[in-house]
Amino acid sequence: MIVSVASGKGGTGKTLVATSLALSLREKARVQLLDCDVEEPNAHILLQPTFTDREAVLIPVPKVDEGKCTYCGKCAEVCAFNAVAVLGQKVLVFPELCHGCGACSYLCPEGAIAEEGRAIGVVETGDSRGLSFVHGRLAIGEAMAPPVIRKVREHIDPQAIAIIDVSPGTSCPVVQAVKGSDFCLLVTEPTPFGLNDLALAVEMVRKLAIPCGVVINRAGVGDGRVEGYCREEGIPILLAIPLDMEIASLYSRGIPLTEGLPEWRERFLELYDKIEERVGVGTGQTVNGRKTPPFNRVR
Amino acid sequence: MKEIVVLSGKGGTGKTTLVGSFAALSQSKVLVDCDVDAADLHLLLSPSVKEEREFWSGHVASIDNKLCTRCGICEAVCRFEAIKNLKVDPISCEGCGFCSQVCPEHCITMKERMAGHWFISETRYGPLVHAQLGVAGENSGKLVAVVRNAARAIAREQHSNYIISDGPPGIGCPVISSLAGANLALLVTEPTLSGMHDLERVIGVCQHFGVPVLVCINKYDLNEENTHHIEEYCYTQGVEIASKIPYDNVVIEALVRNLPVVEYVKNGVARQIEALWQTIARALEA
Chain A
575 MIVSVASGKG
585 GTGKTLVATS
595 LALSLREKAR
605 VQLLDCDVEE
615 PNAHILLQPT
625 FTDREAVLIP
635 VPKVDEGKCT
645 YCGKCAEVCA
655 FNAVAVLGQK
665 VLVFPELCHG
675 CGACSYLCPE
685 GAIAEEGRAI
695 GVVETGDSRG
705 LSFVHGRLAI
715 GEAMAPPVIR
725 KVREHIDPQA
735 IAIIDVSPGT
745 SCPVVQAVKG
755 SDFCLLVTEP
765 TPFGLNDLAL
775 AVEMVRKLAI
785 PCGVVINRAG
795 VGDGRVEGYC
805 REEGIPILLA
815 IPLDMEIASL
825 YSRGIPLTEG
835 LPEWRERFLE
845 LYDKIEERVG
855 VGTGQTVNGR
865 KTPPFNRVR
Chain B
184 MKEIVVLSGK
194 GGTGKTTLVG
204 SFAALSQSKV
214 LVDCDVDAAD
224 LHLLLSPSVK
234 EEREFWSGHV
244 ASIDNKLCTR
254 CGICEAVCRF
264 EAIKNLKVDP
274 ISCEGCGFCS
284 QVCPEHCITM
294 KERMAGHWFI
304 SETRYGPLVH
314 AQLGVAGENS
324 GKLVAVVRNA
334 ARAIAREQHS
344 NYIISDGPPG
354 IGCPVISSLA
364 GANLALLVTE
374 PTLSGMHDLE
384 RVIGVCQHFG
394 VPVLVCINKY
404 DLNEENTHHI
414 EEYCYTQGVE
424 IASKIPYDNV
434 VIEALVRNLP
444 VVEYVKNGVA
454 RQIEALWQTI
464 ARALEA
């Protein structure tokens, strides 16, 4: 079971929800938290994992052997990203533009192009008191988050409940993180910004054909338009977290909600039950065209 | 003409709230929403769209089934797992064209993608250039470059003093594109451990690209101990704290009425934001 936690708008409480859900489930099932917000990962701040492994994320970029090169220009011609240029008797490679597709190396008629890894970030794995933890960190100054996200996702344990913390927005990094999920939780706040970006996020998960439900955070501020929108669109509101200075204060100090206010565990377990019901786990239905992994029902 | 971009690393710290108020406070400017995949600034500025343009960018592979001999070479070479059972998944396709280069039947073409729309609008505060990246869209950095270039052209034509850009969260492609050539970045943070962690990373990006920064601590009174840590950190980095803004419900009340805070109230946070804009304007003079 893969549950992604996305939002459209930033700062609505994705990490709060993802970490609380993971911690509530921890004692009941095999659980994994994967932080796919590789630009600004925050889940580790709340979960304080002990890291046991660290792996560089490498993009294979071309390395030209000028001894073999005839400057025919094929590499530059096939590169869709202008990462290779041939100027007279010189081949210029711009590694930061290279997406690592491998076309230049494969198509070089002289076999003059090898590939070497260029590090654009790291993936760290570890454990937070029985909770398996994975996150990626894009290196400062690097633009391409999706390869780091793909690397984080390679660690998904098919036997576990995998909870994915996603970056804000609806563009390629978000899609990389969300696609293939069995369910997507959309965390929003009851303000015009929250509503506008929720609608964009809903459009995204519908395009990916992933069932979704909404968590309203800071309920009580703003207006009632988010509820109205969810009613009209037939999207279930699965949980509401009130605007509460105690909750805000816990988060500001990096204390998970379910540790500071343990009564929330039960509510997050209920939230998970609702998710399970909606994806039909335990009823033998297939999810996303494959049989869902066998694991014990949570409660 | 000076360009300022408002960034934060962490989302939801108050970038758009501040830019909406700067729009009301500043004279002679062009406004830009660089958060092209979840744009919100238009909700405060109520623009009327004057021009709408399509954003074509990147390519996607398309297999002609009539010519395809099902040899599977395309699938074998694709590193993005975008071809499965000889069908292209447009969401995974990176647009590299490797498959079309190696197809022995030449039956794969690379088609240009319509990746979104962008708009030149008029608001009661001046022109706004904004965009909507297609859902699940790619090349957000390029779309950011497109809207910023359009804003520069308008600013030159109108002899504007400022280009004020509302930036995206994060530190990746659209953020780097928002920073290119900016005179100043205002970094909005909040006194949470997440906000602090993300501020450090976005300061790193600005330093990497050589853009001067000012920091604003929003909702500073939610955790004054953390606020103090941010102040210490900024001091060690040689970064100036331009403003500390307290938490105030009027911010959301104004938002619900689709108004910049400074047009909804005249004191309290509104004064703080006004003073912040003056600090920014002075920093841009220097």
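So the protein lines, in turn, are chains A and B. Our numbering applies: residue 575 is where the first sequence begins, and numbers increase by one. Our numbering applies: residue 184 is where the second sequence begins, and numbers increase by one. Ideal Cβ positions, reconstructed from N, Cα and C, are used throughout, including at glycine. Everything numeric in this text was worked out from a predicted model, so none of it was measured.
**Message:** Please report the distance separating the alpha-carbon of residue 425 of chain B from that of residue 187 of chain B.
**Reply:** Inter-residue distance for residue 425 of chain B and residue 187 of chain B is about 14 Å (C-alpha atoms, whole angstroms).
**Asked** Cβ-heavy atom distance between residue 591 of chain A and the ligand COA below 7 Å?
**Response** You won't find the ligand COA in this model; it holds no ligand whatsoever.
**Asked** On the three-pair Cβ rule with 8 Å, is the segment 351-370 of chain B touching the segment 321-337 of chain B?
**Response** Yes: at least three Cβ pairs fall under 8 Å.
**Request:** Find the residues of chain B that neighbour residue 681 of chain A, judging by a C-beta separation of less than 7 Å, and give them in chain order.
**Result:** Per Cβ cutoff of 7 Å: 284.
**Request:** Quick one: which residues of the segment 739-762 of chain A get their C-beta closer than 8 Å to a C-beta of chain B? List them in chain order.
**Result:** So the list reads 741, 742, 743, 744, 745, 746, 747, 748, 749 and 753, given in the order they occur along the chain.
**Asked** Do you know whose CA, among B/380, B/334 and B/379, lies nearest residue 365 of chain B's CA?
**Response** A check of alpha carbon separations from residue 365 of chain B across B/380, B/334 and B/379 identifies B/334 as the nearest.
**Request:** Using DSSP bridges, identify the partner residues of residue 246 of chain B.
**Result:** DSSP lists B/291 as partners of residue 246 of chain B.
**Message:** If we require 4 or more residues per run, which alpha helix (DSSP H) segments fall completely within the segment 716-751 of chain A?
**Reply:** Entirely contained in the segment 716-751 of chain A, the alpha helix (DSSP H) runs reaching 4 residues are, in chain order, 720-727.
**Asked** Can you tell me whether residue 297 of chain B is buried or exposed, with buried defined as 16 or more other CB within 10 angstroms of its CB?
**Response** Counting C-beta atoms within 10 angstroms of its own C-beta, residue 297 of chain B has fewer than 16 neighbours from the protein chains shown and is therefore classed as exposed.
**Prompt:** Counting Cβ pairs closer than 8 Å, one from the segment 231-239 of chain B and one from the segment 251-264 of chain B, do we hit at least three?
**Reply:** Flag = no, the segment 231-239 of chain B and the segment 251-264 of chain B do not touch.
**Asked** Which same chain residues, not among the five before or five after residue 655 of chain A, have their C-beta less than 7 Å away from its C-beta?
**Response** Taken in chain order, the residues that qualify are 671, 672 and 673.
**Message:** Looking only at its chain, what residues have a beta carbon closer than 6 Å to the beta carbon of residue 199 of chain B, apart from the 5 residues adjacent to it on each side?
**Reply:** Same-chain partners within the cutoff: 223, 224 and 349.
**Item:** Contact between the segment 653-667 of chain A and the segment 613-628 of chain A (3+ Cβ pairs under 8 Å)
**Value:** Here the segment 653-667 of chain A makes no contact with the segment 613-628 of chain A; the two share fewer than three CB pairs at distances below 8 Å.
**Prompt:** Name the chain B residues that come within less than 7 Å of residue 803 of chain A, Cβ to Cβ?
**Reply:** Correct list: empty, because the minimum Cβ distance to chain B is about 14 Å.
**Request:** To the nearest angstrom, report how far apart residue 693 of chain A and residue 711 of chain A are at their CA atoms.
**Result:** Whole-angstrom Cα-Cα distance: 11 Å.
**Contact list for the segment 191-213 of chain B against chain A, Cβ threshold 7 Å** = Along the segment 191-213 of chain B, the positions whose C-beta sits under 7 Å from a C-beta of chain A are 192, 193, 194, 195, 196 and 199, read in chain order.
**Item:** Partners in chain A for residue 441 of chain B, counting only beta-carbon separations shorter than 8 Å
**Value:** The answer, in chain order, is 766.
**Item:** Nearest residue (CA-CA) to residue 615 of chain A, options B/377, B/398 and B/295
**Value:** Answer by Cα proximity: B/377.
**Bounding residues of the beta strand (DSSP E) (the contiguous stretch that carries residue 227 of chain B)** = Counting along the chain, residue 227 of chain B falls outside any beta strand (DSSP E), though it belongs to the alpha helix (DSSP H) covering 225-228.
**Message:** Distance check for residue 743 of chain A and residue 282 of chain B, CA to CA, integer angstroms please.
**Reply:** Spanning the two alpha carbons is a distance of roughly 30 Å.
**Request:** Measure the Cβ-Cβ separation of residue 587 of chain A and residue 770 of chain A and say whether it is below 8 Å.
**Result:** No.
**Contact list for residue 276 of chain B against chain A, beta-carbon separation under 8 Å** = Around residue 276 of chain B, no beta-carbon contact reaches into chain A at under 8 Å, the shortest distance being about 11 Å.
**Message:** Rounded to whole angstroms, what is the Cα-Cα separation between residue 463 of chain B and residue 220 of chain B?
**Reply:** Distance from the CA atom of residue 463 of chain B to the CA atom of residue 220 of chain B, rounded to whole angstroms, is 27 Å.
**Item:** Short CB-CB distance (under 8 Å) between residue 826 of chain A and chain B
**Value:** Yes, residue 826 of chain A lies at the interface with chain B (some Cβ there is under 8 Å from its Cβ).
**Message:** Give me the chain B residues within the contact set of residue 875 of chain A, using Cβ-Cβ distance strictly less than 8 Å, ordered along the chain.
**Reply:** The structure shown does not extend to residue 875 of chain A, since chain A is modelled only from 575 through 873, so no value can be given for it.
**Item:** When B/395, B/437, B/382 and B/443 are compared against residue 414 of chain B, the one with the closest alpha-carbon
**Value:** Put simply, of B/395, B/437, B/382 and B/443 the residue whose alpha carbon is nearest the alpha carbon of residue 414 of chain B is B/382.
**Request:** Kindly indicate the opening and closing residues of the alpha helix (DSSP H) around residue 765 of chain A.
**Result:** In the DSSP assignment, residue 765 of chain A falls outside any alpha helix (DSSP H), carrying neither H nor E.
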